[in-house]
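Numbering (our numbering), first residue to last: 1330 to 1791.
Below, the structure is given as structure tokens:
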């Protein structure tokens, strides 16, 4: 028979456990409301993405200047192989975090953070093993050992490079966007410095370049995890939620991985097939011309990614009115912003392209190409909105279905337009495939079906 003292002690222990699991929520709430508002978090997210993207651009220039052409080619090859595995990691580990963290595991956020880090270690170890196996294969079968060396460098750096995605989503979930922007600033200082030190020391190679990038990524991320996120790593408190977290992430990720691979194909197929279909110069023009549309794409992604945790929280807690208000606010604001940018792009885009690239790509510019380029960001923001709503609603299966239809359109109509019309056909086909994806997303979102993970977890916070 249990004594009253023992029962009271167990109740106290349970209350302490619940308080400790909810502790990181107090970190976000301790931030002044003005600094924790949605506009400030969006601004911090944009700054962070600009810092990371800009730093990678600078590092690429430094590597091109300081490494031999064959070494840079090997590094690019190793990074491309790493990106293939990044798709699987993102689908199963980092992408589900803003869906489950602020909703299903809000009362156990520290235990959830610890469980996510365990998942990170497991999946990152699997990625490393796969890359090591490929490196051994390249060493034994390739005429150039540089490919094996670069792939081995990607394998060793993978757990640290992947840490950015995990830390980013955990910070977004805890409304610590500004803190992660500081991590972006630290990365912007560290990565070029490490590459420079390797260069002046005479040891800049593909494998050492990967090591430098991994170290520059890991240092600020590990500091944020230790000082602000403070995951619960004690087995007795973290393990009870680990199995459920793994199950939730797997249910989400098995469909999201299909979506991610489809997205990769839809975005990169023209770069893969371009050299044989339209020539190297026109393939280079694809990226150069599309770069003028990237700023609005980056802003839209930053705003949507910042809003996902709040939307998931509103939907999970049954606050339908706030959920609908935020959806309409996002849709209206992003469409006005993107529409205005695209009108300006259509009117002044050719001049901007001429100035940026000093007239190198002027002979590729046509009105159909620019009109298609202006339509693509509008269709993209609509597709991103609908996909976000399906993810938050737990309809991740239908995101994958819609993406698959988009890929079919890209591989048939998009590639056909490229072969028929050349470079303008790339952007015309891209716009048409985006329209097909929009129709598929609209149909899938309005389809009545049982949601997958987040909503099904209502009332079960284990």
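Even for Gly, the Cβ is constructed at its ideal location relative to N, Cα and C.
Remember, predicted model here, so these are calculated numbers, not experimental data.
- Runs of beta strand (DSSP E) with 3 or more residues, each lying fully within the region 1557-1611, are absent.
- Rounded to whole angstroms, the Cβ separation of residue 1377 and residue 1489 is 18 angstroms, and the two are not in contact under 8 angstroms.
- In this structure, residue 1447 keeps its C-beta atom at 8 angstroms or more from the C-beta atom of residue 1633.
- With fewer than 16 other Cβ atoms inside 10 Å of its own Cβ, residue 1600 counts as exposed.
- If you check the CB distance, residue 1407 and residue 1520 do not come in under 8 angstroms.
- Distance from the Cα of residue 1765 is smallest, within the candidate group 1775, 1738, 1494 and 1589, for 1738.
- Per DSSP, reduced to three states, the secondary structure at residue 1620 is helical.
- For residue 1431, no alpha helix (DSSP H) segment is defined, and its DSSP state is neither H nor E.
- The continuous stretches of alpha helix (DSSP H) do not include residue 1422, and DSSP gives it neither H nor E.
- Within a 10 Å sphere around the beta-carbon of residue 1383 sit fewer than 16 other beta-carbons, which makes this residue exposed.
- Between residue 1682 and residue 1694, the CB-CB gap stays under 8 angstroms.
- At the C-beta level, residue 1550 and residue 1512 come within 8 angstroms of one another.
- Residue nearest to residue 1421 within the set 1750, 1528, 1775 and 1725 is 1725 (criterion: CA-CA distance).
- Residue 1621 and residue 1679 have their C-alpha atoms spaced approximately 10 angstroms apart.
- By the neighbour-count criterion, in which a residue is buried when 16 or more other Cβ atoms sit within 10 angstroms of its Cβ, residue 1440 is buried.
- The alpha carbon of residue 1368 has as its nearest neighbour, out of 1646, 1655, 1750 and 1424, the alpha carbon of 1655.
- Annotation: residue 1740 is outside any alpha helix (DSSP H) and is labelled neither H nor E by DSSP.
- Straight-line measurement puts the Cα of residue 1692 at about 43 angstroms from the Cα of residue 1495.
- Here residue 1732 carries a helix assignment [DSSP, helix/strand/coil].
- Residue 1687 carries a coil assignment under DSSP once its states are collapsed to helix, strand and coil.
- In this structure, the CA atom of residue 1584 is about 15 angstroms from the CA atom of residue 1718.
- Residue 1533 carries a coil assignment under DSSP once its states are collapsed to helix, strand and coil.
- In this structure, DSSP gives residue 1504 a state outside helix and strand, which the three-state scheme calls coil.
- Rounded to whole angstroms, the Cβ separation of residue 1759 and residue 1745 is 12 angstroms, and the two are not in contact under 8 angstroms.
- In this structure, the alpha-carbon of residue 1579 lies about 14 angstroms from that of residue 1589.
- Between residue 1576 and residue 1499, the C-beta spacing is not below 8 angstroms.
- Inclusion of residue 1762 and residue 1595 in the CB contact set at 8 angstroms is warranted, their separation being smaller than that value.
- Ranked by Cα distance from residue 1370, the first of 1749, 1415 and 1636 is 1636.
- Taking 8 angstroms as the cut-off, the beta carbon of residue 1675 is found no closer than this to the beta carbon of residue 1710.
- Closest option to residue 1698, judged by alpha-carbon separation, among 1671, 1491, 1722 and 1754: 1754.
- Looking at the backbone, the Cα of residue 1535 and that of residue 1608 are separated by about 28 angstroms.
- Residue 1638 sits close to residue 1501, with the two beta carbons spaced by under 8 angstroms.
- Burial is judged here by how many other beta carbons sit within 10 angstroms of a residue's own beta carbon; residue 1426 has at least 16 and is buried.
- DSSP, reduced to helix, strand and coil, places residue 1694 outside both helices and strands of the structure shown, so it counts as coil.
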